[in-house]
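Accompanying notes for the structure given below.
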Amino acid sequence: MCKSHARHAGHARAYPNVGGGRPTQDLSLKSAALPCHDTPRMGDHEPGKAAVELPLAWSPWRRPRHRHRGSTGLSGALLFACMFLPALKGCDHAVRPLDMPVALPPYVYGLVFAGLALAYSPRALAWAALVLRVLALGVVIGAGFVFLEAPPVGVVGLIVGGVLLAIIRLAGTSETRVATTGAAAAAMSALWFGLLALTPDALIGVYLGLAGALGLLASCLMWLRELASAPRALGGDIFARDESFARRRDRVLVRRL
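In my numbering, the protein residues as written are 5 to 261.
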């Protein structure tokens with residue numbers, strides 16, 4: 005007989021006529037046919053465990069493990085490393101991207117996303133959004149100067165910079181916007197490296213840059229898929245669904261920065 009049934013049986017024997025003179029049922033007879041389940045009491049739980057399991061505190065920064073971070077970091081680092089490799093054949097020597105400042109934005113985008121993958125945090129996300137915004141503005145301004153010398157190339161640069169700036173926007177921070185900017189920048193970079201790879205003057209820097217851009221594109225698409233499939237309380241980009249919360253979050257981040 006378990007402890008709870010023994011207590012009921014003792015109570016029945018001690019008070020046989022409770023309830024208006026009518027005899028109380030003998031619980032000791034029926035308790036033998038019932039399964040034995042000890043009623044948990046305060047103090048009976050195992051050491052180190054609470055008697056009542058407390059609910060997990062919800063936090064907007066509570067996020068699942070991002071599987072895209074490894075591939076994003078490697079692809080971004082590879083794309084950035086191609087900035088120091090020979091890209092095209094020149095008259096006397098190979099031409100590197102460092103010799104052409106106009107061609108530097110794809111490599112800088114790779115550096116930004118490689119750093120974001122290594123140091124992922126709300127503050128890092130806010131800084132990444134700021135840097136991406138500055139880069140998009142830099143592309144637009146640089147394309148404006150190029151337009152004065154070569155209008156067709158300048159128009160293409162203005163379109164690319166305008167698209168990137170429209171995605172990241174001039175204010176606010178959203179993980180979805182950061183990931184979308186990475187996908188757009190990687191797609192444009194892959195197109196650029198693909199066109200250069202078709203020329204007979206392409207060198208190893210172009211081919212590795214194409215591989216890095218395609219890897220970054222796949223990683224950012226995986227990132228967007230994770231954000232879309234994650235529940236709101238477990239890491240989905242709630243800022244894209246709740247703009248008022250996004251504005252409050254931005255104010256908090258600005259104060260912390």
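The C-beta atom is built at its ideal place from N, Cα and C for all residues, glycine as well. Since the structure is predicted, the reported quantities are computational estimates derived from the model, not experimental observations.
Secondary structure of residue i, DSSP reduced to three states
{"i": "Leu4", "result": "What the structure shows of the chain is the stretch from 5 to 261, and residue 4 is not part of that stretch, so it cannot be assessed."}
{"i": "Ala206", "result": "strand"}
{"i": "Gly92", "result": "The question names Gly, but residue 92 in the sequence shown is Leu. Reduced to three states, the DSSP call for Leu92 is strand."}
{"i": "Trp62", "result": "Bear in mind that a pLDDT of 42 at Trp62, under 50, signals an unreliable position, so the model cannot answer this."}
Pair within 8 angstroms by beta-carbon distance, residue i and residue j
{"i": "Ile172", "j": "Ala121", "result": "no"}
{"i": "Thr184", "j": "Leu136", "result": "no"}
{"i": "Leu169", "j": "Val144", "result": "yes"}
{"i": "Pro101", "j": "Ala91", "result": "yes"}
{"i": "Phe151", "j": "Gly142", "result": "no"}
{"i": "Ala147", "j": "Gly161", "result": "yes"}
{"i": "Glu179", "j": "His72", "result": "no"}
{"i": "Leu78", "j": "Leu212", "result": "no"}
Exposed unless 16 or more other CB atoms sit within 10 angstroms - verdict on residue i
{"i": "Phe149", "result": "exposed"}
{"i": "Ser193", "result": "buried"}
{"i": "Gly114", "result": "buried"}
{"i": "Thr337", "result": "What is shown of the chain runs 5 to 261, which leaves residue 337 out entirely."}
{"i": "Leu220", "result": "buried"}
{"i": "Leu214", "result": "buried"}
{"i": "Ala55", "result": "Caution applies to Ala55, whose pLDDT of 47 falls short of 50 and renders its modelled position unreliable; the value that the coordinates give is listed next. With fewer than 16 other Cβ atoms within 10 Å, it is exposed."}
{"i": "Thr76", "result": "buried"}
{"i": "Ala154", "result": "exposed"}
{"i": "Leu200", "result": "buried"}
{"i": "Gly186", "result": "buried"}
{"i": "Gly74", "result": "exposed"}
{"i": "Pro156", "result": "exposed"}
{"i": "Pro109", "result": "buried"}
{"i": "Leu202", "result": "exposed"}
{"i": "Leu195", "result": "exposed"}
{"i": "Ala175", "result": "exposed"}
{"i": "Ala190", "result": "buried"}
{"i": "Ala232", "result": "exposed"}
Rounded distance between the beta-carbons of residue j and residue i, thought under 8 angstroms
{"i": "Tyr111", "j": "Met87", "result": "4 angstroms"}
{"i": "Ala217", "j": "Phe197", "result": "6 angstroms"}
{"i": "Ala81", "j": "Ala128", "result": "Wrong, their Cβ atoms sit about 16 angstroms apart, outside the cutoff."}
{"i": "Lys93", "j": "Leu207", "result": "6 angstroms"}
{"i": "Ala188", "j": "Val210", "result": "Not a contact, Cβ separation roughly 20 angstroms."}
Point to revise | alpha helix (DSSP H) runs contained entirely in the region 144-179, provided each spans 4 or more residues | key: You should have 155-172.
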